[in-house]
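Engineer: Pasting a structure here, questions to come.
Okay, structure coming up:
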């Protein structure tokens with residue numbers, strides 16, 4: 065995903081669900097993309113009310129120092145709007161989101177790669193809450 069896609073989606077969610085908290089779960093795609101667009105990702109992801117980051121989906125790339133989810137989280141944390149969490153495994157993500165989500169929150173799951181399995185698992189855990 066590209067930061068502009070995230071931004072447009074965040075705006076659409078905020079417009080469709082005014083006044084509701086946005087809980088974002090994001091899995092960056094490729095270290096090179098994360099590195100190249102790092103500041104843009106930080107700016108957009110900081111707009112979530114709650115943020116859970118998964119490890120970068122490498123798509124065959126080797127890790128790049130400074131372009132990992134923990135680096136995004138550190139930069140977002142310095143901006144001070146939201147406190148990002150970095151979780152490595154699906155069960156940890158589900159546990160974290162379950163702890164963060166409040167009634168009427170909107171949970172937005174974005175990314176490429178393995179994150180596609182997460183929505184059904186999260187709905188099953190939360191009991192299909194709307």
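Residue numbers (my numbering): 65 to 194. Where is the CB? At the ideal position from N, CA and C, for every residue including glycine.
Considering only DSSP beta bridges, list what residue 174 is partnered with.
Structural biologist: 90
Engineer: Just checking my contact of residue 113 with residue 85 at CB under 8 Å: how many whole Å lie between their CB atoms?
Structural biologist: 4 Å
Engineer: For residue 150, which residues in the same chain have their Cβ closer than 6 Å to its Cβ, ignoring the five residues on either side in sequence?
Structural biologist: Answer for residue 150: 117, 133, 134 and 137, listed in chain order.
Engineer: By DSSP, does residue 116 sit in helix, in strand, or in coil?
Structural biologist: Note: residue 116 maps to strand in three-state DSSP.
Engineer: Roughly how many whole angstroms lie between the Cα atoms of residue 154 and residue 163?
Structural biologist: Between the alpha carbons of residue 154 and residue 163 lies a gap of roughly 14 Å.
Engineer: In the DSSP assignment, the beta strand (DSSP E) including residue 149 goes from what residue to what residue?
Structural biologist: From DSSP, the beta strand (DSSP E) with residue 149 extends over 148 to 150.
Engineer: Could you work out which residue in 159, 71 and 145 is closest to residue 105 when comparing CA atoms only?
Structural biologist: Measuring from the Cα of residue 105, the nearest candidate turns out to be 71.
Engineer: Assign residue 175 to one of two classes, buried (16 or more other C-beta atoms within 10 Å of its C-beta) or exposed (fewer than that).
Structural biologist: buried
Engineer: Using only the alpha-carbon positions, how far apart do residue 194 and residue 89 sit?
Structural biologist: Because the pLDDT at residue 194 is just 48, under 50, the model does not fix this residue reliably, and the value given afterwards should be weighed accordingly. If you take the alpha carbons of residue 194 and residue 89, they lie about 17 Å apart.
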